[in-house]
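Here the protein sequences come in this chain order: A and B. Residue numbering for the first sequence follows the numbering used here, starting at 1 and increasing by one per position. Residue numbering for the second sequence follows the numbering used here, starting at 1001 and increasing by one per position. Contents: one structure, followed by commentary.
There are 2 protein chains.
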Amino acid sequence: MKLYDCATAPSPRRVRIFLGEKKIAIPTTQVDLRAGEHLSAAFRAINPDATVPVLELDNGVRITDAVAICQYFEDIQPEPRLFGEGAEDKAIVTEWQRLAERDGFYAVMEAFRNAAPGLKGRALPGPADYAQIPELAQRGRSRVLAFFKMIDAHLADREFIAGLRFSIADITTLVTLDWATRLKLTPPANADNLRRWHASVSARPSAAA
Amino acid sequence: MKLYDCATAPSPRRVRIFLGEKKIAIPTTQVDLRAGEHLSAAFRAINPDATVPVLELDNGVRITDAVAICQYFEDIQPEPRLFGEGAEDKAIVTEWQRLAERDGFYAVMEAFRNAAPGLKGRALPGPADYAQIPELAQRGRSRVLAFFKMIDAHLADREFIAGLRFSIADITTLVTLDWATRLKLTPPANADNLRRWHASVSARPSAAA
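Pasting the structure below:
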């Protein structure tokens, strides 16, 4: 088994934190996104979607989506549970992981990819080239701030994003917040719940991934 | 248990088809999206995200995301398996369901919501108002066509989108294609594999949902 990774990129960081929580170590191959290695013919032969992370199984099958990769590891090593336990808890974790992805992670991606000078013509990940849309960068920034406010209110009486334990919903939210911070998109000054949560989950050894 | 639904809307249709495959019948409450009922104070008290579907459990807990709702039903009634079976198959189903959602379903949503006269100021679902971005409508249309081409090639030697059985990846792709067709975004003339697959999955009783 092997993971195609990029140590500086947010999507594969979701998998790295997940593996850290599970205490699973697997060999990795670094793909240099800044040098455009993911767009090379060699890498497109590995993943036509031209994205990382990619998990290559021992039988050669490749899984090319961060959440699908995490789910694979949850199945082969269930403990500690990061997708919840029992039908209701699992549904709540999935709901919040997807909400954090849709309103947080993808909104940061919109803000970043539609504005970064190095990503002109590459406003979306994937094999096709799309022009940047400056209005979409601005909308992304608005959405990220709305997401921070919503999550801050949600965390008023909760230790974790979903359920009673650390889960993949916390991982997605943590990676989103740290990525946004690199883009100088920080939570509002009064987002005390979000800051407390962030300090707590950032102190976990897995967060160093 | 009760499902907040809208019989004409694509997101809850994913759940309706899923329930049809499982042969599960539950009471539904129709939410009139065209009349803006989802934006009313009464419905926002049920779901602050102002979207359908919403599954209300007997203990009052509400699940507000289509895929999380489907996963809940997979857990309480595993057969027939619609998320795959075994770690590898499940990962592949999740990968393709997410890819169909990201490159298909959300692309149709972009094309639709950024252009429909009735959705001015409502370019995204959810509680916040965002202006339409005409460039995004156009980009959405390009992405949908790219998605159709990719799925058509993928289906050249496959009966289903992922794995050896009908799955939630087929459901997401079917709902995407039917929604796109309503917007006059149809597969390319030579997309024979996609048409064959569409005829086959549309003949399932669940597809009438």
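Quick reminder that beta carbons are idealized off the backbone N, C-alpha and C, glycines included.
At a cut-off of 8 Å, the C-beta of residue 130(A) has a neighbouring C-beta in chain B.
By DSSP's assignment, residue 62(A) forms a beta bridge with 56(A).
Partner residues in a beta bridge of residue 186(A), as assigned by DSSP, do not exist.
At least one beta carbon of chain A lies nearer than 8 Å to the beta carbon of residue 1064(B). Residue 1005(B): member of the beta strand (DSSP E) spanning 1002 to 1005, first to last residue.
Residue state for residue 204(A) is assigned as coil, using DSSP reduced to three classes. Between the C-alpha atoms of residue 1034(B) and residue 79(A) there is a straight-line separation of about 45 Å. With fewer than 16 other CB atoms across the displayed protein chains lying within 10 angstroms of its CB, residue 208(A) is exposed. The Cβ neighbour count for residue 1118(B), taken over all protein chains shown within 10 Å, is under 16; the residue is labelled exposed.
For residue 116(A), same chain residues with a beta-carbon under 7 Å away, outside a window of 5 residues either side, do not exist. Going by C-alpha positions, residue 1016(B) is about 43 Å away from residue 32(A). Residues of the stretch 1070 to 1083 of chain B with a Cβ closer than 7 Å to any Cβ of chain A, in chain order: 1071, 1072, 1075 and 1076. Contact with chain B is absent for residue 21(A), since none of that chain's Cβ atoms lies less than 8 Å from the residue's Cβ. Counting along the chain, the unbroken beta strand (DSSP E) around residue 1029(B) starts and ends at 1028 to 1030.
In terms of beta-carbon proximity, residue 1088(B) lines the interface with chain A, with at least one pair separated by less than 8 Å. Residue-level contact check: residue 1094(B) touches chain A, since one or more beta carbons of chain A fall below 8 Å from its beta carbon. Judged by pairs of C-beta atoms under 8 Å, the stretch 137 to 150 of chain A touches the stretch 94 to 111 of chain A, as three or more such pairs exist. In the three-state DSSP reduction, residue 158(A) falls in the coil class, being neither helix nor strand. In this structure, the alpha-carbon of residue 174(A) lies about 24 Å from that of residue 1071(B).
For residue 1089(B), same chain residues with a beta-carbon under 7 Å away, outside a window of 5 residues either side, are 1163 in chain order.
Rounded to whole angstroms, the gap between the alpha carbons of residue 1138(B) and residue 136(A) is 13 Å. Counting other Cβ atoms within 10 Å of its Cβ, residue 1026(B) stays below 16 and is therefore classed as exposed.
The beta carbon of residue 37(A) sits closer than 8 Å to the beta carbons of 31 and 43 from its chain, once the five residues preceding and following it are set aside; these are given in chain order.
Per DSSP, the unbroken alpha helix (DSSP H) holding residue 1106(B) starts and ends at 1106 to 1113.
Close CB contacts of residue 92(A) within its chain, under the 7 Å cut and outside five residues either way in sequence, are with 84, 162 and 163 (chain order). Secondary structure of residue 1034(B) (DSSP, three-state): coil. Residue environment for residue 1132(B): buried (at least 16 other C-beta atoms within 10 angstroms of its C-beta).
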